[in-house]
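Take a look at the structure below.
Protein chains: 2
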Amino acid sequence: MTELVPRREGRKRNAATTSERIRRTALELFSTQGYEATGIRELADRVGMTTASLYHYVGTKAELLTDIMRDAQARLLAAAQGALAGIDDPAARIVRLVHIHVLAHAIFQLEARTVDTELRVLDPSALQEILDARDEYEQLWREAIVRGCDDGVFTVPDASTARLAIMTMSTGVAHWYKPNRGASPAELAVNFSDLALALLRATDAAGRTVDTAALALGDPAELIPLLGIAPPASTADAAR
Amino acid sequence: MTELVPRREGRKRNAATTSERIRRTALELFSTQGYEATGIRELADRVGMTTASLYHYVGTKAELLTDIMRDAQARLLAAAQGALAGIDDPAARIVRLVHIHVLAHAIFQLEARTVDTELRVLDPSALQEILDARDEYEQLWREAIVRGCDDGVFTVPDASTARLAIMTMSTGVAHWYKPNRGASPAELAVNFSDLALALLRATDAAGRTVDTAALALGDPAELIPLLGIAPPASTADAAR
DNA sequence: CCTACCGATCGGTAGG
DNA sequence: CCTACCGATCGGTAGG
């Protein structure tokens with residue numbers, strides 16, 4: 001509560017902080033109870049306001065959900081594009097995609113669960129927006145797998161099913177991963193890229209089995225900055 | 001509408017049929033809109049009743065959901081136990097588990113989606129019941145994978161992560177599989193068991209890569225009867 | 001004219 | 001299976 005620095009733009013700063021607190025709290029409620037089961041009164045109570053005050057900062061409950069989902073999807077797409085920059089080899093591209101996907105789903109678990117679970121409550125135009133970003137993201141996976149199959153470095157019964165399998169198993173991280181116990185997100189990312197390469201029966205030009213280490217792409221933890229700032233702790237509110 | 005046979009137990013038959021129609025309609029609404037977003041008035045309208053009449057057949061909305069989820073989970077467990085009967089080899093056991101899992105999630109898609117999505121709305125005792133059945137089911141997978149790793153026929157970074165990956169990717173079938181287009185459930189099952197064996201880097205005693213065909217377990221379609229009767233078509237109501 | 005809210009209540013609908 | 005309702009709570013907004 002102590003003010004360490006004078007705040008010249010105090011009003012604006014507080015407005016932003018309050019909006020962020022509302023959004024963070026909404027995310028926590030939506031991702032644990034579900035959007036429909038979360039009342040605006042419950043949200044307002046948790047933030048310590050009346051609903052009338054809440055509506056000073058927020059358009060509607062639906063907008064809150066839409067913003068959360070859109071931002072999460074946009075962040076994933078942008079991070080994936082960043083993680084692929086300068087990488088050409090299909091096996092390396094898949095590894096990078098798995099790494100950024102697992103990192104995003106381990107670090108932004110609540111956002112990922114919400115995107116996964118609440119698509120059906122979106123209105124048609126908001127849904128279209130999210131699905132467009134998702135399609136663009138999936139296209140990155142599709143291309144890498146098809147090219148790997150064409151080059152003969154991947155061998156799968158069906159490229160489309162293999163892609164769905166890898167994406168689905170990696171998305172699962174958001175549902176069962178427990179931070180602060182067991183593997184770090186980066187370790188999990190390597191574990192999963194090894195599983196993905198195995199599933200794809202990835203081999204090098206000489207026909208030898210390929211794993212993540214063989215591709216020498218570095219620690220996936222280096223990709224974390226691509227995801228933007230870390231999710232704020234629930235009640236973090238540092239002066240400045 | 002024509003009666004082909006006299007019905008001596010007309011009342012009972014109709015009562016059963018109405019309950020089934022309500023349950024089937026509830027399943028369709030829950031699995032597409034979500035439990036919270038489905039109103040009892042909406043359910044009653046779809047079945048062609050008032051809400052009051054609906055409550056003649058049904059305890060509560062929550063009970064309807066609980067029954068659907070419990071039955072689906074019980075069916076999956078029983079089918080898996082049946083599919084494993086007389087199978088000892090870990091690779092063969094995993095293949096059988098993947099087959100029955102994919103079949104169940106392709107054929108009983110709506111039930112599977114509901115179990116997947118609506119766990120959080122269950123009350124503690126109903127939740128415990130479902131989780132107990134799920135734990136017993138997962139234990140079958142755990143044992144097969146651990147034994148395969150011990151025997152040296154599977155090679156994975158981490159047995160627990162590999163199990164979650166395979167189960168999650170197979171469960172995904174319930175969310176994207178379209179019946180009546182592309183592969184049959186049995187074909188999909190073989191596709192997935194090949195992916196699972198690849199992911200586990202399964203080999204035989206001689207160190208050669210193993211696929212589903214090599215295990216000669218027969219067509220997974222033969223396992224379908226283990227799942228019990230097929231889901232009724234939405235409006236099926238045969239005389240007798 | 002602004003911001004950051006308040007107490008009270010709106011019209012409708014929820015499950016039962 | 002219906003009409004007629006209940007206690008409570010829903011998302012959202014009024015004036016100040």
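Protein chains in written order, with the UniProt record's numbering: chain A, 1 to 240; chain B, 1 to 240.
Even glycine gets a Cβ: it sits at the ideal position worked out from N, Cα and C.
- Taking C-beta separations shorter than 8 Å and ignoring five residues to either side along the sequence, the partners of R41 (chain A) in its chain run T51, following chain order.
- An exposed status is given to N180 (chain A), since fewer than 16 other beta-carbon atoms sit within 10 Å of its beta-carbon.
- With respect to the C-alpha of V121 (chain A), the residue from A:F154, A:A159, A:E63 and A:R134 having the closest C-alpha is A:E63.
- Counting other Cβ atoms within 10 Å of its Cβ, D219 (chain A) stays below 16 and is therefore classed as exposed.
- The CB of R120 (chain A) comes closer than 9 Å to the CB of T32, Q33, G34 and A37 in chain B, given here in chain order.
- Residue-level contact check: G59 (chain B) does not touch chain A, since none of the beta carbons of chain A fall below 8 Å from its beta carbon.
- For W176 (chain A), the chain B residues whose Cβ falls inside 7 Å of its Cβ are L164, in order along the chain.
- The beta-carbon distance between L215 (chain A) and A104 (chain A), rounded to whole angstroms, is 20 Å. This is too long to meet the 8 Å contact definition.
- Counting only runs of 4+ residues, the alpha helix (DSSP H) found wholly inside the segment 46-134 of chain A occupies 51-57, 61-84, 90-107 and 109-117, in chain order.
- S170 (chain B) and H101 (chain B) do touch by the CB rule: their CB atoms are close to 5 Å apart, below 8 Å.
- When DSSP states are grouped into helix, strand and coil, T155 (chain A) belongs to the coil group.
- Contacts with chain B at 8 Å (Cβ-Cβ) do not include M69 (chain A).
- Fully contained in the segment 185-237 of chain B are the following alpha helix (DSSP H) runs of length 4 or more, in chain order: 185-199.
- Approximately 5 Å separates the beta-carbon atoms of A37 (chain A) and E36 (chain B); this is inside 8 Å, confirming the contact.
- In the structure shown, T25 (chain A) adopts helical secondary structure according to DSSP, grouped into three states.
- Taking every protein chain shown into account, the CB of E143 (chain B) has fewer than 16 other CB atoms within 10 angstroms, so this residue is exposed.
- Close to L195 (chain B), with beta-carbon spacing below 8 Å, are these residues of chain A in chain order: V156, P157, T161, A162, A165 and L199.
- Scanning chain B for C-beta atoms nearer than 8 Å to the C-beta of G152 (chain A) yields nothing, as the closest lies near 16 Å away.
- Within 9 Å of the CB of G172 (chain B), the CB atoms of chain A belong to L164, A165, M167, T168, M169, T171 and G172, in sequence order along the chain.
- Under the DSSP assignment, A37 (chain A) falls outside any alpha helix (DSSP H); it carries neither an H nor an E label.
- With respect to I87 (chain A), A196 (chain A) sits apart: the two C-beta atoms are not nearer than 8 Å.
- About 7 Å separates the beta carbons of T114 (chain A) and L27 (chain A), which is inside the 8 Å limit, making them a contact pair.
- Using beta-carbon distances, T66 (chain B) does not count as an interface residue toward chain A, since no partner is under 8 Å.
- Three or more beta-carbon pairs drawn from the segment 196-205 of chain A and the segment 149-166 of chain A are found closer than 8 Å, and the two stretches are therefore classed as touching.
- Of all residues in the segment 102-127 of chain A, only T117, E118, R120 and V121 place a beta-carbon less than 9 Å from a beta-carbon of chain B.
- Counting only Cβ-Cβ distances below 8 Å, N191 (chain A) has contacts in chain B at P157, D158 and T161, in chain order.
- According to the DSSP assignment, A174 (chain B) belongs to the alpha helix (DSSP H) that extends over V173 to W176.
- Setting aside the 5 residues that flank it on each side, T66 (chain A) is surrounded in the same chain by L122 and A126, each with a C-beta closer than 7 Å to its C-beta; the list follows chain order.
- A check of alpha carbon separations from N191 (chain B) across B:A213, B:T203 and B:A206 identifies B:A213 as the nearest.
- Here the alpha carbon of R23 (chain A) sits roughly 46 Å from the alpha carbon of G148 (chain B).
- Assigned with DSSP and collapsed to three states, R181 (chain A) falls in coil, not helix or strand.
- The residue among A:E118, A:T18 and A:Y55 with its C-alpha nearest the C-alpha of S31 (chain A) is A:E118.
- Here E129 (chain B) has R70 as same chain residues with Cβ atoms under 7 Å from its own Cβ, once five neighbours each way along the sequence are excluded.
- Cβ atoms of F108 (chain B) and A72 (chain B) come within 8 Å of each other, at about 6 Å.
- Annotation: L188 (chain B) to Q139 (chain A) spans about 22 Å, alpha carbon to alpha carbon.
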